[in-house]
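There are 2 protein chains.
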Amino acid sequence: MPQTPEALREHVESFLRSLPFMRELGTLDAPMRHSLGGKRVRPVLCLAAGEAVGGTVAHVLPAAAAVELVHSFSLVHDDLPALDNDTLRRGVPTVWAAYGEATAVLAGDALLAEAFRLVLDYESSAVARQLVEATILMIGGQQQDLEGGHDLAELHRLKTGALFVASVMCGVQAAGLPEARQAPWRAFADELGLLFQVVDDILDSDGYVSEIGEDGARRLADEAGERARERLHAIDADTTVIRTIVDGLVARTS
Amino acid sequence: MPQTPEALREHVESFLRSLPFMRELGTLDAPMRHSLGGKRVRPVLCLAAGEAVGGTVAHVLPAAAAVELVHSFSLVHDDLPALDNDTLRRGVPTVWAAYGEATAVLAGDALLAEAFRLVLDYESSAVARQLVEATILMIGGQQQDLEGGHDLAELHRLKTGALFVASVMCGVQAAGLPEARQAPWRAFADELGLLFQVVDDILDSDGYVSEIGEDGARRLADEAGERARERLHAIDADTTVIRTIVDGLVARTS
Chain A
21 MPQTPEALRE
31 HVESFLRSLP
41 FMRELGTLDA
51 PMRHSLGGKR
61 VRPVLCLAAG
71 EAVGGTVAHV
81 LPAAAAVELV
91 HSFSLVHDDL
101 PALDNDTLRR
111 GVPTVWAAYG
121 EATAVLAGDA
131 LLAEAFRLVL
141 DYESSAVARQ
151 LVEATILMIG
161 GQQQDLEGGH
171 DLAELHRLKT
181 GALFVASVMC
191 GVQAAGLPEA
201 RQAPWRAFAD
211 ELGLLFQVVD
221 DILDSDGYVS
231 EIGEDGARRL
241 ADEAGERARE
251 RLHAIDADTT
261 VIRTIVDGLV
271 ARTS
Chain B
21 MPQTPEALRE
31 HVESFLRSLP
41 FMRELGTLDA
51 PMRHSLGGKR
61 VRPVLCLAAG
71 EAVGGTVAHV
81 LPAAAAVELV
91 HSFSLVHDDL
101 PALDNDTLRR
111 GVPTVWAAYG
121 EATAVLAGDA
131 LLAEAFRLVL
141 DYESSAVARQ
151 LVEATILMIG
161 GQQQDLEGGH
171 DLAELHRLKT
181 GALFVASVMC
191 GVQAAGLPEA
201 RQAPWRAFAD
211 ELGLLFQVVD
221 DILDSDGYVS
231 EIGEDGARRL
241 ADEAGERARE
251 RLHAIDADTT
261 VIRTIVDGLV
271 ARTS
């Protein structure tokens, strides 16, 4: 019996709470944990994908947590004064605002390194490879964003899409799905980044909303949601939990 | 016939020159390559250790390059205004001084991720694990340095020693040395960080020189060099090239 997204989220919270960082990180432990807020969309998706192909939650959790750590790493560095200069995230001070800029640089570095450490425990290096490549795409996307003038779809593919793809693919790879059966999962995962980002833009009234208006963005989100559902339907597995997550991504209001 | 340190250095230079970073990094390619200056002490040591236990240079090169990328990552971030605020390194502008602070944060991130990508190609995850744990120790050391007031020996063990240990251990692990035979290599590698750092302090007139004077620091360096040679001598392999490298570390003037 697959677990609900809420139950999966509880597993993520509990795993992250008790996740030991290397003791040599010393006082970086606090800013690292400070950064680990959020809705857990990516790790829950990772767990749901892993469960759908027969993996256990316990086995997929390190991959799910690693995805969340990479997400947090990117936020901690993106929030820095030299980049987005954000002082608040989810209603609390960003890491640099709370702990200083130098510590925020190092806490972000440490989150990334700890994420890689987590996925090295898998027998196959596929999970680690998936995660490191997604990380590189995100970094490249952030650089494009700094430069400006790039295609919005390509920018989102790198900045947002890559880690959504990794969330799904790390889940099924951690669960041991043979490579020959991974293609439909990748096709599904490819739709999620756009879906997530367009809804984000609608909630923030920027990005796609600035480009094609709110109605256009809503239509784009609905179409992306529809494509995601179709591709999910084409997968030979019980994907009801993931379907619930996709519906939640289309309809989310925060 | 083992190769000289100079020949090994040429291999490193040539490998780094032609090393492809992922194309999605786009304009980060230039600042990343800009950061890759230096004497190649760590990758040469890595290759020499790998060769001493029977590995080929070609097989050990990705590990050696990854160690150098991690070294560069740490310098790029440590040079940032919020950390050491250095505008020059090896006589040329630091990455942030040449390309801006935001790009330097991202270029450092990308160097770290590319380093991890390189070592994921090895059949065993031992090399990747060694490198990621050393990275975490370095980050923890940098945070201790920011805070001040810590024991100098412990600080150097983290900031400098960990990556020297990784240089040697990644070399022998990439070359496939069984774990049961790795202990004497680790014992040797443990001496190198202190040796390198004390000589650095003598050249820069800080650190240990401030603490115990130049004569005291010179004595400490000579003792560390002697211990390193003894431990090297205890290793059952042709370590003549590594001996040359150690002698060079004791006597270096830049």
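Protein chains in written order, with this note's numbering: chain A, 21 to 274; chain B, 21 to 274.
Even for Gly, the Cβ is constructed at its ideal location relative to N, Cα and C.
The structure presented is a predicted model; accordingly, all values stated were derived computationally and were not measured.
Secondary structure of residue i, DSSP reduced to three states
i, result
"Arg60 of chain B", "coil"
"Val218 of chain B", "helix"
"Val261 of chain B", "helix"
"Pro113 of chain A", "strand"
"Leu100 of chain B", "coil"
"Leu197 of chain A", "coil"
Spatial distance of residue i from residue j (CA atoms)
i, j, result
"Val87 of chain B", "Pro25 of chain A", "40 angstroms"
"Ala148 of chain A", "Ala194 of chain A", "10 angstroms"
"Thr76 of chain B", "Ile255 of chain A", "45 angstroms"
"Gly227 of chain B", "Ala182 of chain B", "18 angstroms"
"Glu174 of chain B", "Met189 of chain B", "20 angstroms"
"Val51 of chain B", "Asp171 of chain A", "Here residue 51 of chain B is Pro; the residue named in the question, Val, does not match the sequence. Answer to the nearest angstrom: the Cα atoms are 23 angstroms apart."
"Ala68 of chain B", "Leu240 of chain A", "56 angstroms"
"Leu223 of chain A", "Arg53 of chain B", "39 angstroms"
"Val261 of chain B", "Val152 of chain A", "34 angstroms"
"Leu89 of chain A", "Gly161 of chain A", "18 angstroms"
"Gly70 of chain B", "Arg37 of chain B", "21 angstroms"
"Gly268 of chain A", "Phe184 of chain A", "15 angstroms"
"Gly213 of chain B", "Gly196 of chain A", "40 angstroms"
"Leu103 of chain A", "Leu166 of chain A", "8 angstroms"
"Leu56 of chain A", "Tyr119 of chain A", "14 angstroms"
Within-9 angstroms CB hit, residue i to chain A
i, result
"Leu89 of chain B", "no"
"Gly120 of chain B", "yes"
"Arg206 of chain B", "no"
"Gly46 of chain B", "yes"
"Leu36 of chain B", "no"
"Glu199 of chain B", "no"
"Leu140 of chain B", "yes"
"His54 of chain B", "no"
"Glu167 of chain B", "yes"
"His79 of chain B", "no"
"Phe184 of chain B", "no"
"Ala117 of chain B", "no"
"Arg149 of chain B", "yes"
Chain B within 9 angstroms of residue i, Cβ atoms only
i, result
"Arg42 of chain A", "It should be pointed out that residue 42 of chain A corresponds to Met in this sequence rather than to Arg. Closer than 9 angstroms: yes."
"Ser187 of chain A", "no"
"Gln202 of chain A", "no"
"Leu240 of chain A", "no"
"Leu178 of chain A", "yes"
"Gln162 of chain A", "yes"
"Arg109 of chain A", "no"
"Ser92 of chain A", "no"
Residue range of the unbroken alpha helix (DSSP H) whose run includes residue i
i, result
"Met52 of chain B", "Asp49 to Ser55"
"Ser144 of chain B", "Counting along the chain, Ser144 of chain B falls outside any alpha helix (DSSP H), and DSSP gives it neither H nor E."
"Val73 of chain A", "From DSSP, Val73 of chain A is part of no alpha helix (DSSP H); its letter is neither H nor E."
"Met189 of chain B", "Ala182 to Ala194"
"Asp242 of chain A", "Tyr228 to His253"
"Phe35 of chain A", "Pro25 to Ser38"
"Glu174 of chain A", "Leu172 to His176"
Beta-carbon proximity of residue i to residue j, cut-off 9 angstroms
i, j, result
"Gly245 of chain A", "Cys66 of chain A", "no"
"Val115 of chain B", "Ala127 of chain B", "yes"
"Ala248 of chain A", "Glu211 of chain A", "yes"
"Ile156 of chain A", "Arg60 of chain B", "no"
"Gln164 of chain A", "Gly46 of chain B", "yes"
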